[in-house]
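A.B. asks: Protein sequences, first through last, are from chains A and B.
Position one of the first sequence corresponds to residue 418 (our numbering), numbered consecutively onward.
Position one of the second sequence corresponds to residue 418 (our numbering), numbered consecutively onward.
We put the beta carbon where it would ideally sit given N, CA and C, even for glycine.
None of these values were measured; they are calculated from a predicted model.
2 protein chains.
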Amino acid sequence: MPEAEPFHIGLLGHGTVGAAFAALVDERADEVARITGRRPLISGVLTRSRGDAAGIIAGADVVVELMGGVDTAREHVLTALRAGTPVVTANKQLVSRHGPELWEAAAQGGTELRFEAAVAGVVPVIRVLGESLAGAHVDRIHGIVNGTTNYILSQMAATGASYADALREAQALGYAEADPTDDVTGADAAAKMAILARLAFGRWVHLDDVVYEGIEHVTADDIAYARELGLSLKLVGTAERVADGISVRVHPVFLYAEHPLAAIDGPYNAVTIESPAITEITLSGPGAGGPQTASAVLGDVVGVMRGTRPLPAADGPAKLVHDVRSSFYLHLEVDDRPGVLAQVAERLGLQGISVKSVVQRGLGETARLVIVSHPAPESRFLAAVRLLEALDFLRAAPRAIRVIDETFDVA
Amino acid sequence: MPEAEPFHIGLLGHGTVGAAFAALVDERADEVARITGRRPLISGVLTRSRGDAAGIIAGADVVVELMGGVDTAREHVLTALRAGTPVVTANKQLVSRHGPELWEAAAQGGTELRFEAAVAGVVPVIRVLGESLAGAHVDRIHGIVNGTTNYILSQMAATGASYADALREAQALGYAEADPTDDVTGADAAAKMAILARLAFGRWVHLDDVVYEGIEHVTADDIAYARELGLSLKLVGTAERVADGISVRVHPVFLYAEHPLAAIDGPYNAVTIESPAITEITLSGPGAGGPQTASAVLGDVVGVMRGTRPLPAADGPAKLVHDVRSSFYLHLEVDDRPGVLAQVAERLGLQGISVKSVVQRGLGETARLVIVSHPAPESRFLAAVRLLEALDFLRAAPRAIRVIDETFDVA
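(1) Per the DSSP calculation, residue 784/A is bridged to which residue(s)?
(2) If I follow the unbroken alpha helix (DSSP H) through residue 796/A, where does it start and stop?
(3) In this structure, does DSSP put residue 453/B in helix, strand or coil?
(4) Using only the alpha-carbon positions, how far apart do residue 686/A and residue 667/B sit?
(5) Which residues of the region 522–537 of chain A have a Cβ closer than 9 Å to any Cβ of chain B? Give them in chain order.
(6) Which two residues bound the contiguous alpha helix (DSSP H) that contains residue 509/A?
(7) Whose C-alpha, out of 570/B, 708/B, 821/B and 680/B, is nearest the C-alpha of residue 790/B?
(8) On the three-state DSSP scale, how would you describe residue 703/A?
(9) Nearest by alpha-carbon distance to residue 688/B: which of 795/A, 463/A, 533/A and 540/A is it?
(10) For residue 768/A and chain B, any beta-carbon pair shorter than 9 Å?
(11) Pull up the distance between the alpha-carbon of residue 827/A and that of residue 701/B, whole angstroms please.
(12) What is the rounded straight-line gap between the Cα of residue 739/B and the Cα of residue 665/B?
(13) Applying the 10 Å Cβ sphere with the 16-neighbour rule, what's the burial state of residue 480/B?
(14) Pick out whichever of 722/A, 518/A, 555/A and 737/A has its Cα sitting closest to the Cα of residue 626/A.
(15) What are the partner residues of residue 691/B, as DSSP defines its beta bridges?
(16) Check whether chain C comes within 9 Å of residue 756/B, counting only Cβ atoms and requiring the distance to be less than that.
(17) Between the C-alpha atoms of residue 711/B and residue 482/B, what's the straight-line distance to the nearest angstrom?
(18) Quick check on residue 816/A: buried or exposed, where buried means 16 or more other Cβ atoms within 10 Å of its Cβ?
(19) Thinking just about the alpha-carbon of each residue, which of 600/A, 528/A and 462/A is nearest to the one in residue 629/A?
(20) Just to confirm, is the Cβ distance from residue 460/B to residue 425/B under 9 Å?
(21) Would you say residue 732/B reaches chain A, if we count a Cβ-Cβ gap shorter than 9 Å as a contact?
(22) Spell out whether any CB of chain A is found under 9 Å from the CB atom of residue 808/B.
(23) Got a sec? Which residues, its chain only, sit under 8 Å from residue 609/A by beta carbon, not counting five neighbours each side?
(24) So, is residue 719/B buried or exposed, given that buried needs 16 or more other C-beta atoms within 10 angstroms?
(25) Please determine if the region 646–663 of chain A and the region 583–599 of chain A are in contact, where contact requires at least 3 C-beta pairs separated by less than 8 Å.
(26) Which of the three DSSP states is assigned to residue 480/A in this structure?
(27) CA-CA distance, residue 587/A and residue 671/A?
(28) What residues in its chain sit with their C-beta under 8 Å from that of residue 814/B, if we drop five residues either side in the sequence?
(29) Mapping the DSSP letters down to three states, classify residue 549/B as helix, strand or coil.
(30) Taking just the CA atoms, how far does residue 674/B sit from residue 566/A?
(31) Mark residue 803/B as exposed unless 16 or more other C-beta atoms lie within 10 angstroms of its C-beta, in which case mark it buried.
(32) For residue 551/A, which residues in chain B fall below 7 Å Cβ to Cβ?
(33) Under 8 Å, with one C-beta from each stretch per pair, do the region 741–756 of chain A and the region 782–789 of chain A reach the 3-pair mark?
(34) For residue 449/A, go through chain B and note every residue whose CB falls closer than 7 Å to its CB, in chain order.
(35) Chain A beta carbons: is any one of them nearer than 9 Å to that of residue 428/B?
(36) Pull out every residue of the region 541–571 of chain B whose Cβ sits closer than 8 Å to any Cβ of chain A, in chain order.
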């Protein structure tokens, strides 16, 4: 076969992922040429210290943005898109903060922005949502989209370690960064869920509109008690259609063993997509590492080489709903005396919270009361918890954690 | 927005899947128009009793083949492809028997054949292999690609039922057909693995070249004994690169609990794809049902509407290897007397089989000997089993079942 014409890649960023991507392009160039008819060639590299961004972008058939950060990356990506050059990025902060501006620039330039690597590493959830399920009506996505927190929670469950100890271990193994804030607070997962919501529901959700809660306050006791009920604790992002709009949120939640995400342990990512036509599918794999991210980026580059596909306009349901219905696990430490359960049940009843299961266990002078509720508006449940906090027989602050107890319960 | 121009779908076949597809197109036409700019419209339907195939094909922008069977379907698909009309099919028999002819016709017509629904129902393994991983080097695929057999094996494991009883139950629930031959012999899974091998390795594998074995001879005892070793039994298809070529095969195998396929129970499908760049990803979801298959077909139709992408030529590794290396579980019922284990170990050693674990349990006059071997060429292992069959202390025929004991052990 004649020498394939080169396809020029302008690479912005040459850190861990950038270097892994450059190596992968070299390694796979023949195969990509076989598939696409053109040979990928890195025609310019912008590092922190050298390279002419304007020249690299101008000479590229595709720009690959792996520099991280938001401001400079945004400028370069906008420049490329407006000039009609497709862009592939792994930058979830960029996409979740400036998505609409980027997609408008792509539309203006008649080109596209791909970002598979920004969510769930090599797990191809972006492509599956945007292509395989392009014709499906997606009702709900649940995702474990942060490998760091999943590793920490898995270790706490497996060894009984405290949050602080499990975090230190994750840092020692390179699964958590020295400053783990972005991961452990749920902010990273929130950015990814915002991106998934855009694809699933055709509705832009700004990162600031995603309600999120991290794992910093989870205790080994929470996990141990819940295990008695057959539940496992994960940091789960949810994007779903609700009665009058959509909701996007991230919380520590308890899952029943039957849920496809319950078995995902360690530094892994997994996403469950629910739709009436398909019931549900689950995609899982390692969270982002250099080679995994590089592979996802190369998949997007190959996609671009085979023809660009603009993202459909955002005209999905407009309203973001914050007060969704959830089931809760509620853990109370109370004086072990008659009438306590009745008073707790009454407070819950006042807010319309109905109880699914109760386990009470005496611990000498105190008792542990574990309640799982039926779904109810979160505002009502949290109001009930405030009522409970005023009760004089309470020995410790109530612990409330959401429970996902519907598998395949598609609205 | 102005009325979108129609995109004409010629529908061949109007059974369960055909009717579900037609209903889904009606339901999702607006959304598809939003995404693609054209409105899908079923412009002709060929049923068993009515319809003019030539006219339907000639008037179509895409032909959707859901008639099943091979000969007539093949004719119609070839006619469409040669005329440059893209075709979407769910027909695994057609693709696995006549793939090269169909792809040649597509190349000749400058169009493409899509067949996501032919493998693993709504689990988007075809698209992930063909697009997300187009630039990756895939080493191995393990798949549970037949929901009927997975349901039967799950029931046997959960209830201790015999194969015959579990099959009857599957038939009563509609998970197995009245004539279950194609499923329970592994033939259906073999056809699907042949298709996956084509995509993963760029090498056409005819169905006749896939070695397969079904689940008809699996006993409840096999499952119960293996559980003591922490193993679960699944019908797994494997397509992998080996030292001097590729191997495609389907067997009942034991999986360790850590393997991503071990937890897939019930009428589900799941596929694990291993590659150095990604470690491994797993895709899972319900096996084919009418709505699931229809959804996968519509995903392909939307793909076609967004631009056709011919399949790259088949020029992967040429050699099909049949004598691969496997680990085995070996179950022997023997007289309980001294020297038995030594004689068994000697026969295995003669064929170069090394033992990973042995459990011996006395049962009165007899003993049960369960051995798990390290990987060795299958021909050597089977030769060792023949040697064992000649031993006079054997009380029943040896039971040998393959074990997948490498997770993430990418060659």
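C.D. replies: A quick look at the data gives this:
(1) Translated into positions along the first sequence, residue 784/A becomes position 367. Note: residue 784/A sits in a beta bridge opposite 751/A and 779/A.
(2) The residue you call residue 796/A lines up with position 379 of the first sequence. Note, residue 796/A: alpha helix (DSSP H), 795–806.
(3) Locating residue 453/B in the second sequence gives position 36, counting from the first residue. Reduced to three states, the DSSP call for residue 453/B is helix.
(4) Sequence index remark: in the first sequence, residue 686/A carries index 269 (1-based). Sequence index remark: in the second sequence, residue 667/B carries index 250 (1-based). Cα to Cα, residue 686/A sits roughly 28 Å from residue 667/B.
(5) 533
(6) The sequence position of residue 509/A within the first sequence is 92, counting from 1. Its alpha helix (DSSP H) spans residues 509–526.
(7) Here residue 790/B refers to the residue found at position 373 of the second sequence. Residue nearest to residue 790/B within the set 570/B, 708/B, 821/B and 680/B is 821/B (criterion: CA-CA distance).
(8) Reading the first sequence from its first residue, position 286 is the one you call residue 703/A. Looking at residue 703/A - three-state DSSP - the assignment turns out to be strand.
(9) Here the question's residue 688/B lines up with position 271 in the second sequence. The residue with the shortest Cα to Cα distance from residue 688/B is 540/A.
(10) On the first sequence, residue 768/A is found 351 positions in, with the first residue counted as 1. Chain B, which has no Cβ nearer than 9 Å to the Cβ of residue 768/A, makes this no.
(11) Numbered from 1 along the first sequence, position 410 holds the residue referred to as residue 827/A. Numbered from 1 along the second sequence, position 284 holds the residue referred to as residue 701/B. Reliability fails at residue 827/A, whose pLDDT of 32 lies under 50, so the model's placement of it is uncertain and no value is given.
(12) If you number the second sequence from 1, residue 739/B lands on position 322. If you number the second sequence from 1, residue 665/B lands on position 248. Roughly 8 Å separates the two Cα atoms.
(13) In the second sequence, the residue the question calls residue 480/B occupies position 63. Classification of residue 480/B: buried, given that the 10 Å Cβ count is 16 or more.
(14) Position 209 of the first sequence, counted from the first residue, corresponds to residue 626/A. The shortest C-alpha separation from residue 626/A is found at 737/A.
(15) Taking the first residue of the second sequence as position 1, residue 691/B is located at position 274. Its beta-bridge partners are 557/B and 697/B.
(16) Absent from the structure is chain C; the protein chains it does hold are A and B.
(17) One-based indexing of the second sequence puts residue 711/B at position 294. One-based indexing of the second sequence puts residue 482/B at position 65. So the two alpha carbons sit approximately 11 Å from each other.
(18) By 1-based counting over the first sequence, the position of residue 816/A is 399. The residue in question, residue 816/A, is buried, as its Cβ has 16 or more Cβ neighbours within 10 Å.
(19) Start at 1 with the first residue of the first sequence, and residue 629/A comes out as number 212. Per the Cα distances, 600/A.
(20) Along the second sequence, one-based indexing puts residue 460/B at 43. Along the second sequence, one-based indexing puts residue 425/B at 8. Yes. Within cutoff.
(21) One-based indexing of the second sequence puts residue 732/B at position 315. Yes, residue 732/B lies at the interface with chain A (some Cβ there is under 9 Å from its Cβ).
(22) Locating residue 808/B in the second sequence gives position 391, where the first residue counts as 1. No, its Cβ sits nowhere closer than 9 Å to a Cβ of chain A.
(23) Within the first sequence, residue 609/A is the residue found at index 192, counting from 1. So the qualifying residues of the chain are 509, 513, 535, 536, 537, 560, 562, 563 and 654.
(24) If you number the second sequence from 1, residue 719/B lands on position 302. Its Cβ being crowded by 16 or more others within 10 Å, residue 719/B is buried.
(25) no
(26) Within the first sequence, residue 480/A is the residue found at index 63, counting from 1. Three-state result, residue 480/A: strand.
(27) Locating residue 587/A in the first sequence gives position 170, where the first residue counts as 1. Locating residue 671/A in the first sequence gives position 254, where the first residue counts as 1. Computed Cα separation, rounded: 22 Å.
(28) Position 397 of the second sequence, counted from the start, is the residue given in the question as residue 814/B. Short of 8 Å from the beta carbon of residue 814/B, and not among the five residues preceding or following it, lie these beta carbons of its own chain, in chain order: 806.
(29) One-based indexing of the second sequence puts residue 549/B at position 132. Reduced to three states, the DSSP call for residue 549/B is helix.
(30) As a working note, residue 566/A is residue 149 in the first sequence. As a working note, residue 674/B is residue 257 in the second sequence. Cα-Cα distance, rounded: 23 Å.
(31) For this step, residue 803/B is matched to residue 386 along the second sequence. So residue 803/B ends up on the exposed side.
(32) Start at 1 with the first residue of the first sequence, and residue 551/A comes out as number 134. Ordered by position in chain B, the residues that pass the 7 Å Cβ test against residue 551/A are 452, 716 and 719.
(33) Because the criterion of three Cβ pairs below 8 Å is met, the region 741–756 of chain A and the region 782–789 of chain A touch.
(34) Counting from 1 along the first sequence, the entry for residue 449/A is found at position 32. Neighbours of residue 449/A on chain B, chain order: 552.
(35) The count along the second sequence starts at 1 and reaches residue 428/B at position 11. No, residue 428/B does not count as interfacial toward chain A.
(36) Taking 8 Å as the cut-off between beta carbons, the residues of the region 541–571 of chain B near chain A are 541, 544, 545, 548, 549, 550, 551, 552, 553 and 554, in sequence order.
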